[in-house]
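Chemist: The structure under discussion is supplied below as structure tokens; questions concerning it will follow.
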Amino acid sequence: MSKLTFGAGIWHFATYVDRYATDGYGPPRDLIEMIDLAGQVRDLSVVDINFPWSADVSADAVETALKRNNLSVIGITPEIYNREFSRGAFTNPDAGVRRRANEVCNQAADLVRRFGASYVKLWPGQDGWDYPFQVDHRKLWRLSIDGIGELASQNPDLKFVIEYKPREPRVHMAFDSVARTLLGIEAMGLPNVGILLDFGHALFAGESPSDSAQLAIDHGRLFGMDVNDNLRAWDDDMVAGTVHPIELFEFFYTLRKNNWEGVWQLDQFPFRENGVEAADMAIDFLKHIDTALDRLDFEALQAAQDRQDALSAQKLARKALFGI
Ligand code: FE
Ligand code: FE
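If you count the sequence shown from 1, position 106 lands on 88 in my numbering, and the numbers rise without skipping.
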């Protein structure tokens, strides 16, 4: 078994609202409470933290809470997707709001330095459009590229990762797929911008997450990943391995085949489940995947793939993963 590091978005340990349960699926939790819950997960080492924080939470308090839970920070996710940015962050029609997005991201960059984290995670969930004729597509895409490019140029010592997703909250997100995100990153032409590939977003986008990973790796842009599961029609953020175990296995096979090294991160939203239990369950399955990769006959699988022999390839994968 390889030496793995597991992580989670701190929001995994929040309580949530949706457009029906507007009073929430549980009482609100503050960031410190979430960190203390993350600390209860058996094998969690790193967390991705949203920013800004409420006025009563200081960076020192966050640092203390992380320490007592043996956690460190992998990324800071600036909240460029809340009400202030409802018409976009980098692509907002108001130049003042675009400036504000840049400021929040630069504050997140400072926190990445302070916590020794790996990257600023950009999830431009409001950058996109809803209706036909709503936007000038050339201008919107240009603003997407320029906004992130400016930020990355201002902070050449840091990495910026873009997490793409087809839609939600915007009906159509500008960074909607692996290919389009790579196109945007290539247009920026900067070494410090990459992709954070969310397994569930790739499923939701109609991609094969394994193929998406390979494409991002081949362009030298796979900077991070997170896993979860869904029914392919929405970003359900269910427990990793519960719906698409064989595709999850293929995803990690591709990472191992390419000697990709990084944190195995969870991005799950256990609306009705116990968050600690949901994280433990996912990590147990991820560990199983890792040992299954040790059992997998990579050479025989390569030979089967070279013949496009689907059944032999499936048999090898199933044997390693399910023991059948
Ligand atoms: Fe994610
Ligand atoms: Fe998501």
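Positions of the beta carbon are idealized from the N, C-alpha and C atoms, including for glycine.
If we count Cβ pairs, one from each stretch, closer than 8 Å, do we get three or more for the region 69 to 80 versus the region 113 to 133?
Modeler: Taking 8 Å as the limit for Cβ pairs, the verdict is that the region 113 to 133 does touch the region 69 to 80.
Chemist: Closer than 8 Å, CB to CB, is Q250 near chain E or not?
Modeler: Here chain E cannot be found, since the structure has a single protein chain.
Chemist: Is it a yes or a no for the region 283 to 300 touching the region 39 to 46, going by three-plus beta-carbon pairs under 8 Å?
Modeler: Verdict: no, contact absent.
Chemist: Identify every residue that forms a DSSP beta bridge with A(-10).
Modeler: Partner(s): V29 and L248.
Chemist: In whole angstroms, what is the alpha-carbon distance linking R24 and D262?
Modeler: Straight-line Cα distance between these residues: approximately 6 Å.
Chemist: Are L104 and F142 closer than 8 Å when you measure CB to CB?
Modeler: Yes; because the gap between Cβ atoms is below 8 Å, this pair is in contact.
Chemist: Here's a check: name, in chain order, each residue in its chain whose Cβ is nearer than 6 Å to the Cβ of G110, leaving out the five neighbours to either side.
Modeler: Excluding positions up to five away in sequence, the list reads R152, H154, M155 and A156.
Chemist: Contact check, F231 vs I271 under 8 Å by CB: the rounded distance?
Modeler: Correct: roughly 6 Å between the Cβ atoms.
Chemist: Kindly indicate which three-state DSSP category D200 falls into: helix, strand or coil?
Modeler: Correct three-state label for D200: helix.
Chemist: Taking the CB atoms as reference points, tell me whether P148 and A187 lie closer together than 8 Å.
Modeler: Yes; because the gap between Cβ atoms is below 8 Å, this pair is in contact.
Chemist: Taking A37 as the reference, give the member of A198, L53, T59 and I14 with the closest Cα.
Modeler: Ranking the options by Cα distance to A37, first place goes to I14.
Chemist: Under 7 Å: does the beta carbon of D249 sit that close to some heavy atom of ligand 1?
Modeler: Within the cutoff, so yes.
Chemist: Between Y(-2) and S190, what straight-line distance do the alpha-carbon atoms span, to the nearest angstrom?
Modeler: Taking the straight line from one Cα to the other gives about 29 Å.
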